[in-house]
Every structure is written in structure tokens, then in C-alpha cells.
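Student: Chains as they are written, first to last, in my numbering: chain U, 2 to 116; chain B, 6 to 121.
Here it is: the structure, laid out below.
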Amino acid sequence: DTAVSQTPKYLVTQMGNDKSIKCEQNLGHDTMYWYKQDSKKFLKIMFSYNNKELIINETVPNRFSPKSPDKAHLNLHINSLELGDSAVYFCASSLGQGIANYGYTFGSGTRLTVV
Amino acid sequence: AQKVTQAQTEISVVEKEDVTLDCVYETRDTTYYLFWYKQPPSGELVFLIRRNSFDEQNEISGRYSWNFQKSTSSFNFTITASQVVDSAVYFCALRTLKNQGGKLIFGQGTELSVKP
Numbered sequence: 002d003t004a005v006s007q008t009p010k011y012l013v014t015q016m017g018n019d020k021s022i023k024c025e026q027n028l029g030h031d032t033m034y035w036y037k038q039d040s041k042k043f044l045k046i047m048f049s050y051n052n053k054e055l056i057i058n059e060t061v062p063n064r065f066s067p068k069s070p071d072k073a074h075l076n077l078h079i080n081s082l083e084l085g086d087s088a089v090y091f092c093a094s095s096l097g098q099g100i101a102n103y104g105y106t107f108g109s110g111t112r113l114t115v116v
Numbered sequence: 006a007q008k009v010t011q012a013q014t015e016i017s018v019v020e021k022e023d024v025t026l027d028c029v030y031e032t033r034d035t036t037y038y039l040f041w042y043k044q045p046p047s048g049e050l051v052f053l054i055r056r057n058s059f060d061e062q063n064e065i066s067g068r069y070s071w072n073f074q075k076s077t078s079s080f081n082f083t084i085t086a087s088q089v090v091d092s093a094v095y096f097c098a099l100r101t102l103k104n105q106g107g108k109l110i111f112g113q114g115t116e117l118s119v120k121p
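What follows is the structure in C-alpha cells.
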């Protein structure tokens, strides 16, 4: 059983398109995250949801809209894709935003390429 | 401000050499947690270790060992007798109780290349 699963694993699309990445966790965690890893491997948080409530929105363009239908799912929708959106997007989950001793469980990543 | 610095961008060693990956962190919080993750060429992020700010004991797990020193705000990672399979990008990360939303703050990563 995959703990945090992301789909698709690879996504190639043209500029201007709209695309979604889905994430699901079966760990019973209540907090989920989206991280972006750029071409230099730097990992930066984009969003965090706790029990379907948005907790973190780190100056991400409005074209990115997360949606959490329940605490086991956190999807990422991107409108009007740009070349600079090309990156690897990681979903992660953890138990409790305030329980810092827990690390994250990461999904395997979605490599988005905008052409 | 909270920050994690991994000054070594790339390290290249020959198999069986020992190698240390440096990590320096900044935080004003007294309760915090430090992590190391490994990202092999396949791309997934693999959890290696978690250490809390109240536990300065060094830890050893097989060929891996971690040296946590609060006095120098460092949490260094040593691989003994490196192997080709250790080739990966290694990330040090920080999380504090007061961190908004429990976010992990990552260092820039150190790319380790172990040559046969």
C-alpha cells in the first residue's frame, strides 16, 4: 500500500493549459502539503492544509489553487501554465501541524514539464 | 528567521571513503526538530533521521552517523565507507513547534557522488 500517492508521475503540457495533480494519503494524517522542487533541487513549501483548512500559502501565484475535499486528499490545480512552472511537485503528509517531532511522508513526486 | 544552510553543493568521493555532509541551522525557538532526507536519482524523498533539540546524543545507524551540536547549531551527517548506492542528494531540514503550519524548512541540498 502506497502511503502518499501522487498522480500523474509525469506531466508534459503546453503553455497556457490548465492541469491538475492529485494526492492521496492513507496514513490517517491530518495535515497535507505541497512542495515545489526547482531545477536546482531547492525544496520550498507552497501550501499546507490541516483538516481541509488552508494553513500556509507561501506567496504562490493565484494560478495555483489547492483543493482539499477531505483530510486524505490534497489536489493542486494550475491554470495558464507557464514555462517557469516546470518543476517537480511533491505532496506530503504529517500528523498534526503542531507536532513538530513528526517528519513528513512524501509522495514520489510529479515532474511537470511545460513546453 | 529560520534557516538551514548546507554549504557543500556537491561532494565527490571514491568508494570506501568516509564523507561528512554539513548542516547549519538557525532558529530562535527552543524546541525544534532536525531531519535528514535522501533523494536518490530515482527522485523520491527518503526519511533518514529525526532529532529533537533536547537530545544531543549522537546517533549511529549502520554506516550512517549524525553529530548534533547545539553550541554550533550544526547537525552533520557522516557516511562511513561510502558506497556507490549512497550517491544522492541529501537534504537537512528544520521544523519547530512555532512554525506556521508545521512546515519543513529545507537546506539547499548536497549532491553526493560516490565513484567506484
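Here a beta-carbon is modelled for each residue, glycine too, at the ideal position from N, C-alpha and C.
Computed from a prediction, not measured in an experiment: that's the story for all the values here.
1. Which ranges would you report for the beta strand (DSSP E) in the segment 57-117 of chain B if only whole runs of at least 3 residues count?
2. Based on the DSSP output, what are the partners of B:Glu22 in its beta bridges?
3. For chain U, check one thing: does any of its Cβ atoms lie closer than 8 Å to the Cβ of B:Gly67?
4. Which first and last residues belong to the beta strand (DSSP E) in which U:Thr111 is found?
5. Which chain U residues sit within Cβ distance under 9 Å of B:Phe96?
6. If B:Leu117 sits next to B:Val24, beta carbons under 8 Å apart, how far is it from one beta carbon to the other, in whole angstroms?
7. How big is the Cα-Cα spacing for U:Thr60 and U:Leu77?
8. Just tell me which of U:Ser66, U:Asn51, U:Met16 and U:Gln7 has its CA closest to the CA of U:Ser95.
9. Can a CB atom of chain B be found closer than 8 Å to the CB of U:Ile22?
10. Closer than 7 Å by C-beta to U:Thr14: which residues in its own chain qualify, once you throw out the five before and the five after it? Chain order, please.
11. In chain order, what are the residue ranges of uninterrupted beta strand (DSSP E) at least 3 long that sit wholly in the segment 29-100 of chain U?
12. Considering only residues of the same chain and omitting the five flanking positions on each side of U:Lys68, which have a CB-CB separation below 7 Å?
13. Determine the direct distance from the alpha carbon of B:Leu50 to that of B:Lys43, and round the result to whole angstroms.
14. Please check if any C-beta of chain U sits within less than 8 Å of the C-beta of B:Phe52.
15. Judging by CA-CA distance, which residue of B:Ser79, B:Phe96, B:Lys120 and B:Lys108 is the nearest neighbour of U:Lys42?
16. Going straight from the alpha carbon of B:Tyr37 to that of U:Tyr105, what length do you get?
17. Near B:Glu22, which residues of its chain fall below 6 Å by C-beta distance, leaving aside the five closest residues on each side in sequence?
Tutor: Looking at the coordinates:
1. 64-66, 69-74, 79-84 and 93-101
2. In DSSP, B:Glu22 forms no bridge with anything.
3. no
4. Thr111 to Val115
5. Lys42 and Leu44
6. 7 Å
7. 15 Å
8. U:Asn51
9. no
10. Lys20, Leu82 and Val115
11. 32-38, 44-51, 54-58, 65-71, 74-79 and 88-95
12. Asn76 and His78
13. 6 Å
14. yes
15. B:Phe96
16. 15 Å
17. Ser87
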